[in-house]
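For the sequence shown, full-length UniProt numbering gives the first residue as 1, with consecutive numbering after it. Okay, structure first, notes after.
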Amino acid sequence: MSDPKHFDSPRGRRLAYHLTLGAGPLIVFLGGLKSDMEGTKAVHLEAWARQSGRAFLRFDYSGHGLSSGTFEEGCIGDWSEDTFDILNALTTGPVLPVGSSMGGWQALLLSRRMSDRIIGMVTIAAAPDFTEDGYWASFSEAQKAQIETEGQIEIPSDYMEPYIITRRMIEDGREKLVLRKPLVLDFPVRCLQGTADTAVSMQTAIRLLEHAQSPDMRLLLVKDADHRFSDGPCLGLIDSAIEEVLALAAS
1 MSDPKHFDSP RGRRLAYHLT LGAGPLIVFL GGLKSDMEGT KAVHLEAWAR QSGRAFLRFD
61 YSGHGLSSGT FEEGCIGDWS EDTFDILNAL TTGPVLPVGS SMGGWQALLL SRRMSDRIIG
121 MVTIAAAPDF TEDGYWASFS EAQKAQIETE GQIEIPSDYM EPYIITRRMI EDGREKLVLR
181 KPLVLDFPVR CLQGTADTAV SMQTAIRLLE HAQSPDMRLL LVKDADHRFS DGPCLGLIDS
241 AIEEVLALAA S
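Structure representation (structure tokens):
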């Protein structure tokens, strides 16, 4: 595996990335909260892209993986800026974002900032608006008071060490909500969701499907698949969803 390259963003962040050259549209993998570009899905998709002769980008948001900063300093808006900045600086032409969990929210935000370049989208357990509808909505009055007075709280994770959730993340998330006003996705969208996902519910996936305006948007529920969605059959479904969107974009 080659060492990552680094991109110095106009906002002073140093982002680690791997860019595979190939035919467009460029496929960019947008990872989840506290995940990094060495995850199973990101590495698998890079191998798939190489085999298919496709252009592909995976990178670490600031405060994630090998990029600069700490997780606690960041928020949804920062990572949205990272996504836009690295794509804008390193790539040209059509883009197909593949967003996993929080990366699904990032893909939706990217569609607003880069609408002229996005030709389709694939989401995996997309988690739009989770800071408000997941975290804040589930916090007790004591937890909400702690965030207001101390600026952060610690919550457990099913997949890694506890998350530090800051007041800045909650407040910034409220400015980035996508399910409260029209969400126009003028391209084919394929959404994948496991029924055994304990981090993102099927109801979230259905809410996104019902809310978004798209000429061709479909949701595939996979029985007993969990939030990781990274075993062999699930990876194959991601590949198939990408291939389907690419074929539709080319037709």
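All C-beta atoms, glycine included, are put in the ideal place defined by N, C-alpha and C.
task = Figure out for me which residue from ASP78, THR92, GLY103, ASP186 has the closest Cα to the Cα of MET37.
result = Counted from its first residue, the sequence shown places residue 37 at position 37. When each option's Cα is compared against that of MET37, the closest is GLY103.
key: CA-to-CA distance, ILE124 to ASP82, given in whole angstroms   = Against the sequence shown, residue 82 aligns to sequence position 82. Against the sequence shown, residue 124 aligns to sequence position 124. Their Cα atoms are separated by approximately 20 Å.
request  = Look up ILE165 in the DSSP assignment and give the residues it is bridged to.
outcome  = As a working mapping, residue 165 is identified with position 165 in the sequence shown. DSSP, once it has assigned bridges, lists ILE153 as partnering ILE165.
ask   = Which value, in whole angstroms, describes the spacing of the CA atoms of GLU46 and GLU154?
value = Position 46 of the sequence shown, counted from the first residue, corresponds to residue 46. Position 154 of the sequence shown, counted from the first residue, corresponds to residue 154. One C-alpha to the other measures close to 33 Å.
request  = Tell me whether the beta-carbon of GLY74 lies closer than 8 Å to the beta-carbon of TYR61.
outcome  = If you number the sequence shown from 1, residue 74 lands on position 74. If you number the sequence shown from 1, residue 61 lands on position 61. Going by C-beta atoms, GLY74 is nearer than 8 Å to TYR61.
ask   = Does DSSP classify GLY134 as helix, strand or coil?
value = Within the sequence shown, residue 134 is the residue found at index 134, counting from 1. Three-state DSSP puts GLY134 in a helix.
inquiry  = If contacts are defined as beta-carbon pairs under 8 Å, then LEU179 and HIS211 qualify, I think. What distance do you get, rounded to the angstrom?
reply    = Mapped onto the sequence shown, residue 179 falls at position 179. Mapped onto the sequence shown, residue 211 falls at position 211. Right, their Cβ atoms sit about 5 Å apart.
query = Under three-state DSSP, which class holds PHE59?
reply = For the purposes of this step, residue 59 is identified with residue 59 of the sequence shown, where counting begins at 1. PHE59 falls in the strand class under three-state DSSP.
message = Between the alpha carbons of PRO188 and PHE84, how many angstroms are there, rounded?
response = For the purposes of this step, residue 188 is taken as the residue at position 188 of the sequence shown. For the purposes of this step, residue 84 is taken as the residue at position 84 of the sequence shown. So the alpha carbons of these two residues sit roughly 21 Å apart.
request  = Can you grab the Cα-Cα spacing for the pair GLN152 / CYS191, in whole Å?
outcome  = Mapped onto the sequence shown, residue 152 falls at position 152. Mapped onto the sequence shown, residue 191 falls at position 191. Spanning the two alpha carbons is a distance of roughly 32 Å.
query = The beta strand (DSSP E) spanning LYS5 covers which residue range?
reply = Along the sequence shown, one-based indexing puts residue 5 at 5. Unbroken beta strand (DSSP E) run through LYS5: 5–8.
request  = With a cut-off of 8 Å on the beta carbons, I'd call GLY12 and SER100 a contact; round off their distance for me.
outcome  = Residue numbering aside, residue 12 sits at position 12 when the sequence shown is read from its first letter. Residue numbering aside, residue 100 sits at position 100 when the sequence shown is read from its first letter. GLY12 to SER100, Cβ: 26 Å. No contact.
key: Range of the contiguous beta strand (DSSP E) that encloses ARG112   = The residue labelled residue 112 in the question sits at position 112 within the sequence shown. Here ARG112 belongs to no beta strand (DSSP E); instead the alpha helix (DSSP H) covers 102–113.
task = Determine the extent of the alpha helix (DSSP H) in which PRO233 is found, giving its start and end residues.
result = In the sequence shown, counting from the first residue as 1, residue 233 sits at position 233. 232–250 is the span of the alpha helix (DSSP H), which, as asked, contains PRO233.
ask   = Between ALA250 and GLY194, what straight-line distance do the alpha-carbon atoms span, to the nearest angstrom?
value = Residue 250 sits at position 250 when you count from the first residue of the sequence shown. Residue 194 sits at position 194 when you count from the first residue of the sequence shown. Going by the C-alpha atoms only, they are around 28 Å apart.
ask   = With PHE56 and ILE86 assumed to form a contact (beta carbons below 8 Å), what rounded beta-carbon distance in angstroms separates them?
value = Within the sequence shown, numbered from 1, the residue matching residue 56 stands at position 56. Within the sequence shown, numbered from 1, the residue matching residue 86 stands at position 86. In fact, because the Cβ distance is near 13 Å, the residues do not count as touching under 8 Å.
inquiry  = Cutting at 7 Å between CB atoms, please list the residues of its own chain near THR40, excluding the five before and the five after it.
reply    = Within the sequence shown, the letter at position 40 stands for residue 40. Closer than 7 Å at the Cβ level, and outside the excluded window around THR40, lie SER230.
Local conformation of ILE27 per DSSP, three classes = Your numbering for residue 27 matches position 27 in the sequence shown. Looking at ILE27 - three-state DSSP - the assignment turns out to be strand.
key: Residue range of the alpha helix (DSSP H) that includes LEU21   = One-based indexing of the sequence shown puts residue 21 at position 21. LEU21 -> no alpha helix (DSSP H), and no H or E assigned at all.
ask   = With 16 other CB atoms within 10 Å as the buried threshold, where does GLY65 fall?
value = Along the sequence shown, one-based indexing puts residue 65 at 65. With 16 or more other Cβ atoms within 10 Å, it is buried.
message = Does LYS223 pass the burial test, meaning 16 or more other C-beta atoms within 10 Å, or should it be called exposed?
response = As a working note, residue 223 is residue 223 in the sequence shown. It is exposed - the Cβ of LYS223 has fewer than 16 other Cβ atoms within 10 Å.
inquiry  = So SER80 and GLN106 are supposed to be a Cβ contact under 8 Å. How far apart are they, rounded?
reply    = In the sequence shown, residue 80 corresponds to position 80, counting from 1. In the sequence shown, residue 106 corresponds to position 106, counting from 1. Rounded, the Cβ-Cβ distance is 6 Å, consistent with contact.
Cβ shell of HIS18 (< 6 Å), same chain only, five flanking positions each side left out = Here residue 18 refers to the residue found at position 18 when the sequence shown is read from its first residue. These residues qualify, in order along the chain: PRO4, ARG58.
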